[in-house]
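Colleague: Residue numbers (my numbering), protein chains in the order written: chain A, 2 to 264; chain B, 665 to 1010; chain C, 190 to 463.
All C-beta atoms, glycine included, are put in the ideal place defined by N, C-alpha and C.
(1) Go ahead and label residue 207 of chain A buried or exposed: buried means 16 or more other beta carbons lie within 10 angstroms of its beta carbon, across all protein chains shown.
(2) What are the start and end residues of each continuous beta strand (DSSP E) run of 3 or more residues lying completely inside the stretch 818-893 of chain B, in chain order?
(3) Determine the DSSP secondary structure at residue 82 of chain A, reduced to helix, strand or coil.
(4) Taking its Cβ as the centre, do 16 or more other Cβ atoms sit within 10 Å of residue 459 of chain C, making it buried, or is it exposed?
(5) From residue 294 of chain C to residue 749 of chain B, what does the alpha carbon distance come to, in whole angstroms?
(6) At which residues does the beta strand (DSSP E) containing residue 983 of chain B begin and terminate?
(7) Of all the beta strand (DSSP E) runs that stay within the bounds of the stretch 223-269 of chain C, which reach a length of 3 or more residues?
(8) Kindly indicate which residue of C:245, C:273, C:359 and C:224 has the alpha-carbon position closest to the one of residue 383 of chain C.
(9) Give a yes or no on whether the minimum CB-CB distance between residue 193 of chain A and chain C is below 8 Å.
(10) Could you pull out every unbroken alpha helix (DSSP H) segment of at least 4 residues lying fully inside the stretch 209-253 of chain A, listed in chain order?
(11) In chain C, what lies closer than 9 Å to residue 90 of chain A by C-beta?
(12) Might you give, ordered along the chain, the residues of its own chain that have their beta carbon closer than 8 Å to the beta carbon of residue 666 of chain B, omitting 5 neighbours on each side?
(13) Taking its Cβ as the centre, do 16 or more other Cβ atoms sit within 10 Å of residue 711 of chain B, making it buried, or is it exposed?
(14) Run the CB neighbour count on residue 670 of chain B, radius 10 Å, all protein chains shown included, and call it buried at 16 or more, exposed below.
(15) Residue 96 of chain A CB to nearest chain B CB: under 8 Å?
(16) Answer yes if the stretch 397-404 of chain C comes into contact with the stretch 203-210 of chain C, meaning at least three C-beta pairs across the two stretches below 8 Å, and no otherwise.
(17) Who are the near neighbours of residue 463 of chain C in its chain, counting only those whose CB is closer than 7 Å to its CB and skipping five residues on each side?
(18) For the putative contact between residue 373 of chain C and residue 12 of chain A, defined by C-beta atoms under 8 Å, what is the C-beta separation to the nearest angstrom?
(19) Taking just the CA atoms, how far does residue 36 of chain A sit from residue 48 of chain A?
(20) Give a yes or no on whether the minimum CB-CB distance between residue 294 of chain C and chain A is below 8 Å.
(21) Identify the residues that DSSP records as bridge partners of residue 89 of chain A: which are they?
(22) Of all Cβ atoms in chain B, is any one closer than 8 Å to the Cβ of residue 211 of chain A?
(23) Buried or exposed: residue 705 of chain B, going by 16 or more other Cβ atoms within 10 Å of its Cβ?
(24) Please check if any C-beta of chain A sits within less than 8 Å of the C-beta of residue 749 of chain B.
(25) Which one of B:713, B:695, B:676 and B:703 has the shortest CA to CA distance from residue 685 of chain B?
(26) So, with DSSP's three-state summary, where would you put residue 805 of chain B?
(27) Tell me residue 679 of chain B's beta-bridge partners as DSSP assigns them.
(28) Apply the 10 Å Cβ neighbour rule to residue 927 of chain B and answer buried if 16 or more other Cβ atoms are within range, or exposed otherwise.
(29) If residue 233 of chain A sits next to residue 50 of chain A, beta carbons under 8 Å apart, how far is it from one beta carbon to the other, in whole angstroms?
(30) Does residue 702 of chain B pass the burial test, meaning 16 or more other C-beta atoms within 10 Å, or should it be called exposed?
(31) With DSSP as the reference, label residue 966 of chain B as helix, strand or coil.
(32) Under 7 Å between beta-carbons, which chain A residues line up against residue 743 of chain B? List them in chain order, please.
(33) Are residue 992 of chain B and residue 959 of chain B touching if we call contact CB-CB under 8 Å?
(34) Which residues in the same chain have their Cβ closer than 6 Å to the Cβ of residue 176 of chain A, if we skip the five residues on either side of it in sequence?
(35) Under three-state DSSP, which class holds residue 184 of chain A?
(36) Which residue spans inside the stretch 704-758 of chain B form an unbroken beta strand (DSSP E) run of at least 3?
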């Protein structure tokens, strides 16, 4: 087997896979601004469907963004201190706790949602509020925040850094806010992007937990796919992409320089 | 800027870790005000544990007490002890600039901005790193980092400066330069300093006194000269410099060794002693000497190091002058003075 | 600070996260387990997944589908990931960007993308219509589901493979070459064993995610009998809460076990998403 042939074959396959991933995205984006997708581009471009979607589903957008931010706040408050505690004392116990906290990600959202419904579905106020969905999102995204922060904390010499600060007279709050947090900024940022992205796109749990008054963006998407014409579903998807692609790109940009440094 | 030295006393300080390992046997120790005391020993000997006890990073077992001058600081955590600490891995804050690092301790102590700036500038100048003030930590070389770490530790005018293997992470040439600089600095400031190292050359150069430690116990405390020339036991003799072992028999005014005899002025009987490589000389022609064969010869520049067998029961390490032409296989005659022998108890 | 005080502090920092976990996960899962046993079949609800033909078949179909997706994803990603890591060419960064971007696209959206590709108005349908005269439409079946799962599995696995390929010791390959090994032999004997932990762990994520995925099937068709869809219909259409609870617990146990197993095998941290 000669090298150029091998290169070409691999490149070909890679291009094919890339095409498989990107073409439907482009198609759906295009469909969202096409007058009539069945007739094709020749029918002309329009923003009509996008306006329609905003008209019909603006509340789902607002709820999803609000949920994502609330979820971010919760995972920061819960996750960052937890990650610090786990990093500070690597022992069998903390390892076990870490494993435990990750279980909600390993278990399908459907199961978690059913469990939440059975346990808390009886509390009407809670059940019908967006907080019910928030709980699900926090459960599902918290491990990602903890993991991201923990990864950075375990890569720096936390112990010596803190001893250095202590030798200079820094008490725990001083150390935590002045030394530890600034030094795991990259982990917090990566975790935050992940949490927001996952929360905005979460469907498995949310579909079970939502009520007609608490519809999130993906719930609305499923709804539009099932009951609206293709162009509206596409336009809605387009809006979703516009929302989520910058987040995903930021995540890529964030992970790239760090990977290069490691080598 | 003069920091009056603090006298440090440890009484009955032992340390047992949570897993049951005894890192330090009960230790009584007094560090004089303004003195530089070096803890020397192999890894795991308890030297770092002792330093961490003095720092307040570890608490001694129940009976131990630590005093700074007359103040009992045993229960004070490191944050409250006002010590300066320099770490092997620098422990500089990557999120702050050089100046930010140096100012950190002052900020914690709520020193006013103007005073803080003046103090940082003074420290930068003292460590000759003024031009690095605004650099971030990851732009610095190892030597520069350790200078910043020193400046940071000294900026708060600590009662005692604690240095935990500060030069170990640096390469040889830099280590020597910085060692000289630290030495000058400590003498000028007159601060009480405790320095932990496993490098005997560093210990010799810096220490007013050296504490040699082994297996959680003090093996010997003394001036570098005393430790080198009069080691208390085999461990100390072995750990500091190279050592040769001699065992022979004195009979009728002659010391008998496998390589021959030397005139010897001591009562008859077996002789067990140690001898430094530099105490062995090539005997002048016509004078008594012990004959041996050179197994290997390394030219080291300022001297040459020979390994000679046949003279004593074990091969001897000999430091010979660099001008004599010697190579492996040559026969040499060696001699030494009686007062160069180090008596060994065991 | 003494060890005791520090332990208290660390416990306090961990407590909120643990509290949320216990109150909103552990407790509800416990309730779920109880609910599963409180149906007309009692504790036997758990056995139904094997004794009842419909559940058994859906379990088998889901496992087969997930295993197929996993194998296909691993094969594709091993080739593409190695290729992208080992070669430098213009456009490489863009390709990597494209291939990792769909990371964490929700299942519903992926389902819609499958419709774009293989649905009634999809690209493949149009192409086959033009080429052969008959329209190929397979979005609303197992095949569509396969394509969809492949879609959301590739980005995640390719990232892991690339990260792992980057850490491979090139000198091992050079040593093998110096001993006369062909490209094929080097790949088989050096590269693939080196990638094995990454393939195992990302394969486990891929499998577990596929087992539990719900959104894609939901978008494509409600009559594809994969386990999550069965659970969903039991719960909503038949109001058979006990059975839905039992099935979802078993499903959760399977995905968790697969991940735990792979983690022990690969020695790295693994978590599913999506």
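Modeller: So, from the data block:
(1) buried
(2) 824-828, 856-861, 873-878 and 881-886
(3) helix
(4) With a pLDDT of 42 at residue 459 of chain C, under the threshold of 50, the modelled position of that residue is not reliable, and the figure given next carries that caveat. With 16 or more other Cβ atoms within 10 Å, it is buried.
(5) 50 Å
(6) 980-984
(7) none
(8) C:359
(9) no
(10) 218-228
(11) 195, 196 and 199
(12) Confidence is the limiting factor: at residue 666 of chain B the pLDDT is only 45, short of 50, which leaves the residue's position unreliable and the question unanswerable from this model.
(13) buried
(14) buried
(15) no
(16) no
(17) Unreliable positioning characterises residue 463 of chain C in this predicted model, as indicated by a pLDDT of 36, which lies under 50. A coordinate reading is not provided.
(18) Not really, about 18 Å apart at Cβ, beyond 8 Å.
(19) 9 Å
(20) yes
(21) DSSP output for residue 89 of chain A lists no bridge partner at all.
(22) no
(23) buried
(24) yes
(25) B:713
(26) coil
(27) B:688
(28) exposed
(29) 5 Å
(30) buried
(31) coil
(32) 167, 170, 171 and 172
(33) yes
(34) 163 and 166
(35) helix
(36) 729-732 and 747-750
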